[in-house]
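One structure is given below, encoded as structure tokens.
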Amino acid sequence: MTCITTAVDGDGICILTIDQPGRSMNVIDGAFAREFAGAIAQAAGDAAVKGILITSGKPAFLAGADLMELEAVFERVADTPTAALYQGFAGFSATLRKMETCGKPVACALNGTALGGGFEIALASHYRVVADDPGIKLGLPEVQVGLLPGAGGTQRVPRLIGIQLALPLLLEGRQLSPQKARDTGLAHAVVPAGELLAAAKAWLLSPAATATQPWDAKGYKVPGGAGGMDPRSVQTFMAAGAMLRDKTYGNYPAPAAILSCVYEGTQLPMDTALRVESKYFTSLFLTPVARNMIRTLFINKGKADKLSRRPADVPRNKIRKIGMLGAGMMGAGIAYVAAMAGITVVLVDQTQEAAERGKGYAAKLLADAVAKGRMTKAKADGILSLIQPTTSYDGLSDAGLVVEAVFEDRALKAEVTRRAEAVMPPTAIFGSNTSTLPITGLAEASSRPERFIGIHFFSPVDKMPLVEVIRGERTGDEALAMALDFVQAIRKTPITVNDGRGFFTSRFCGAYINEGQTLLLEGVAPALIENAGKMAGMPVGPLALADETAIDLAYKIFRQWKLDLGDSFVPGSGASVTTRMVEEFGRPGRKGGKGFYDYPEGGKKRLWPDLATHWPQRPADQQPDVEEVKTRLLYAQALDAVRCLEAGVLTTPEDGDVGAILGLGYAPWTGGPFSLIDTVGVARFVAECDALAAKHGERFSPPRLLRDMATRGDRFYPAPAAKQAA
Ligand code: NAI
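Per this note's numbering, the very first residue in the sequence shown carries number 2; after that it's consecutive.
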């Protein structure tokens with residue numbers, strides 16, 4: 002299989018075009034790495050070749066490492082001696098080093114996005130020219146999957162632009178536009194796409210063409226680095242170290258490894274520095290964090306994006322027009338993302354003014370994009386014109402899908418369902434964005450329950466990548482397929498779940514809030530509860546999340562469930578806190594300006610001081626250890642995820658892990674609740690939960706499914722292969 006075509010032109014320029022067959026994007030896998038090494042060696046050894054030009058035959062230059070292949074390496078990790086792993090990873094880095102020292106100038110023509118190893122090929126080239134297209138992204142995002150750029154990225158970026166600019170790029174995995182890359186000093190030139198190859202070639206044939214890198218010159222010093230670090234760089238390292246501790250609480254080993262790589266690298270010659278980088282890369286590879294993040298955020302997310310759960314026998318659907326009932330916070334957001342995907346939206350609300358306000362939300366987001374140069378005014382106007390605000394349902398007569406996001410009120414939802422179905426074509430489907438009401442019950446208002454489904458978005462819709470698609474008892478395959486096609490069209494990631502109270506995500510989120518409130522009831526200091534949540538890796542503490550999702554909404558939901566279920570409804574142990582917050586103290590949450598926190602106008606939120614009066618706190622020496630609180634918060638949710646799997650709400654651990662992280666920000670370093678349990682070990686997790694149950698109550702008692710797995714020695718994901726006996 003040929004991944005690279007080689008052609009030497011009349012001027013002695015060897016053009017290497019990367020174009021992997023059968024893939025929409027080039028990636029670095031074993032076959033590519035071998036072929037690339039061979040192509041470079043051949044060009045270097047060919048006396049007729051004066052210079053090397055690298056480009057891509059696909060719209061993107063190269064997307065980075067083949068994560069599927071990396072996943073396979075993870076599978077074998079227990080059987081692979083560390084030295085062999087190191088050799089494997091160091092191989093591609095060594096190829097790039099050979100390329101930059103081969104004695105011939107190398108120009109990289111970046112015709113499209115270059116990330117990770119793709120960008121590292123460019124960094125090792127002597128000249129980088131990029132096509133003038135704001136859609137192109139350049140960067141080293143490895144940190145986001147628990148790794149570091151292992152083919153020279155941590156060494157060449159500081160050498161090219163200095164430590165101060167390099168560290169944020171490496172530590173946050175920031176991606177740059179071509180212009181930004183040029184302004185920062187990571188690219189030499191940006192030219193119109195049609196002139197790209199000519200520009201690269203012109204440089205190769207010009208007197209300016211050089212076959213050396215600045216860092217190989219005698220007496221070279223890393224800007225701000227080696228040879229006695231300048232005080233500003235020392236400060237940068239110290240600030241970065243402090244920032245890391247602040248942000249990651251030690252959950253993520255990659256940023257610290259990157260910092261060490263850069264620091265040590267600045268003191269070393271390039272060849273040694275690259276070996277240090279490979280050593281750190283290998284050490285990260287051996288942590289569960291990288292494996293868990295790659296599996297959930299790339300492999301499983303990728304499968305969800307490709308609609309792996311879509312009923313295969315239903316023909317693909319392209320929805321061109323939707324009806325959006327309710328132009329409030331969610332309806333406005335959904336209208337925006339649909340219009341962005343080129344879908345016409347009839348945006349219905351009770352008054353024309355409310356509908357226009359919903360459209361105004363999209364107008365503002367589009368105006369911001371234009372102001373930031375991410376979109377032309379003409380394009381923004383075209384997108385905005387797709388949203389048609391109205392009070393009339395007439396426009397739904399040719400919609401392929403109608404989504405409702407009116408108030409969370411069953412009777413109201415029933416009414417809008419009936420009104421919409423009176424107008425919608427018989428082939429269209431109806432999706433409810435309810436966050437808590439079971440779909441099967443809502444579908445009772447529908448004359449075609451087989452075409453009724455839950456399409457649950459997250460707020461803010463334009464930023465949140467997940468959509469939870471909920472299948473009611475009577476939802477048919479066609480509705481499921483159409484809903485999934487729609488989610489894919491608007492470029493979100495779907496998980497598919499079965500019906501239940503709160504489905505998966507709302508229930509899972511509730512388990513976190515409930516545990517936080519239970520801790521409060523037990524007299525644990527609110528600041529400890531909140532900090533423990535963040536230290537566990539959650540975006541916010543459980544009390545802050547209760548404020549964000551609205552305490553009064555939770556209160557209404559509890560009341561509704563009590564009405565629906567009567568005595569069989571058993572509220573969580575923290576539910577009384579919610580009730581008192583609403584009934585006694587009138588604190589509805591963030592939207593209402595007061596909840597577990599106060600939200601002073603223009604100021605920073607702070608914990609409501611009276612919490613300690615209403616829920617007396619234990620003396621300081623009787624407060625629990627922060628590790629115990631972290632464990633309780635993480636495990637309470639993980640157990641609930643297992644219960645969802647046991648109850649059939651979730652049908653796979655993959656959906657649970659993807660949904661937990663993408664929908665709710667559940668500690669990404671864990672890879673999600675199921676990955677966390679695997680990492681801890683099912684048997685150990687069960688034993689720890691039994692101990693928690695004895696101390697804190699039945700909610701920690703592991704479900705049958707988990708006990709059986711522990712007995713059988715099962716895991717949720719395949720185990721790395723066992724080490725062979727020597
Ligand atoms: P919202 O209160 O901001 O908007 C509801 C909109 O529905 C209002 O503009 C209202 O005028 C409109 N409306 C009421 N009756 C109507 C009718 N008969 N016809 C047309 N429009 C009507 O509420 P929000 O936050 O947008 O929530 C809407 C739905 O989405 C609820 O079911 C909620 O549970 C769900 N949801 C909310 C999330 C959130 O974070 N706020 C997240 C996920 C789902």
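Positions of the beta carbon are idealized from the N, C-alpha and C atoms, including for glycine.
Just so we're clear, the structure is a prediction, and the values are computed from it rather than from any experiment.
Burial state of residue i, where buried means 16 or more other Cβ atoms lie within 10 Å
i	result
K307	exposed
P254	buried
F408	exposed
G343	exposed
K724	Per-residue confidence for K724 stands at a pLDDT of 43, beneath the threshold of 50, marking its modelled position as unreliable; the derived number appears in the next sentence. By the 10 Å Cβ count, K724 comes out exposed.
A727	Because the pLDDT at A727 is just 35, under 50, the model does not fix this residue reliably, and the value given afterwards should be weighed accordingly. So A727 counts as exposed.
S447	buried
A73	exposed
E422	buried
L564	exposed
G501	buried
D732	Residue 732 lies beyond the stretch modelled for the chain, which goes from 2 to 727, so this question has no answer here.
E585	exposed
P674	buried
T441	buried
E416	exposed
S309	exposed
F386	One point to set straight first is that residue 386 is Ser, not Phe, in the sequence displayed. By the neighbour-count rule (16 or more Cβ atoms within 10 Å), S386 is not buried but exposed.
G573	buried
D10	exposed
E699	exposed
L566	exposed
V235	exposed
D641	buried
K631	buried
Q21	buried
V730	Any question about residue 730 goes unanswered here, given that the chain covers just 2 to 727.
G649	exposed
M239	exposed
heavy atom of the ligand NAI below 7 Å from residue i C-beta
i	result
S393	no
Q351	yes
T494	no
V407	yes
T435	yes
A328	yes
L413	yes
F459	yes
G332	yes
A355	yes
V417	yes
Nearest-angstrom Cβ-Cβ length linking residue i and residue j, presumed shorter than 8 Å
i	j	result
I300	L149	With a Cβ gap of about 20 Å, I300 and L149 do not count as contacting.
L275	G117	Rounded, the Cβ-Cβ distance is 16 Å, inconsistent with contact.
D350	G361	Going by Cβ atoms, the distance from D350 to G361 rounds to 12 Å, so no, they are not a contact pair.
V192	V130	6 Å
G587	I552	Rounded, the Cβ-Cβ distance is 10 Å, inconsistent with contact.
P495	V462	The Cβ separation is near 14 Å, so there is no contact.
A788	L635	This structure cannot speak to residue 788, because the chain is shown only from 2 to 727.
F37	T283	That pair is no contact at about 21 Å.
Q | the stretch 453-466 / the stretch 331-349 touching (three or more Cβ pairs under 8 Å) | A | As far as the Cβ criterion goes, the stretch 453-466 touches the stretch 331-349, which means the pair count is three or higher.
Q. Which runs of the beta strand (DSSP E) spanning at least 3 residues fall entirely within the stretch 157-194, listed in chain order?
A. 190-192
Q | Within the stretch 214-257, ranges of the beta strand (DSSP E) (whole runs, at least 3 residues) | A | none
**Q.** Segment contact, 8 Å Cβ cut-off, at least three pairs: the stretch 521-532 with the stretch 652-670
**A.** no
Q) Can you give, in chain order, each stretch of the alpha helix (DSSP H) that sits fully within the stretch 538-574 and has at least 4 residues? A) 543-549, 552-566
Q. Would you call the stretch 469-486 and the stretch 290-300 in contact, with 3 or more CB pairs under 8 Å?
A. Below 8 Å, too few C-beta pairs join the stretch 469-486 and the stretch 290-300 to call them touching: fewer than three.
Q | Inter-stretch contact (C-beta, 8 Å, three-pair minimum) for the stretch 395-413 and the stretch 287-296 | A | no
(Q) Measuring CB atoms only, is the stretch 178-185 touching the stretch 122-138, in the sense that at least three cross pairs come out at less than 8 Å? (A) A contact exists between the stretch 178-185 and the stretch 122-138.
Q) Considering only residues of the stretch 420-466, which uninterrupted alpha helix (DSSP H) runs meet the minimum length of 4 residues and lie entirely inside it, listed in chain order? A) As far as the stretch 420-466 is concerned, its whole alpha helix (DSSP H) runs of at least 4 residues are 440-443.
Q: Please list the segments of the beta strand (DSSP E) lying wholly inside the stretch 361-407, counting only runs of 3 or more residues, in order along the chain.
A: Assignment of beta strand (DSSP E) within the stretch 361-407, counting only whole runs of 3 or more residues, yields 388-391, 402-405 in chain order.
Q.
At 3 residues or longer, what runs of the beta strand (DSSP E) sit wholly inside the stretch 487-524?
A. Fully enclosed beta strand (DSSP E) runs of 3 or longer: 494-499.
(Q) Tell me whether the stretch 171-178 and the stretch 138-147 touch, counting them as touching only if at least three CB pairs, one residue from each stretch, are closer than 8 Å. (A) yes
Q: State whether the stretch 40-56 contacts the stretch 90-105, with contact taken as three or more CB pairs (one from each stretch) at a distance under 8 Å.
A: yes
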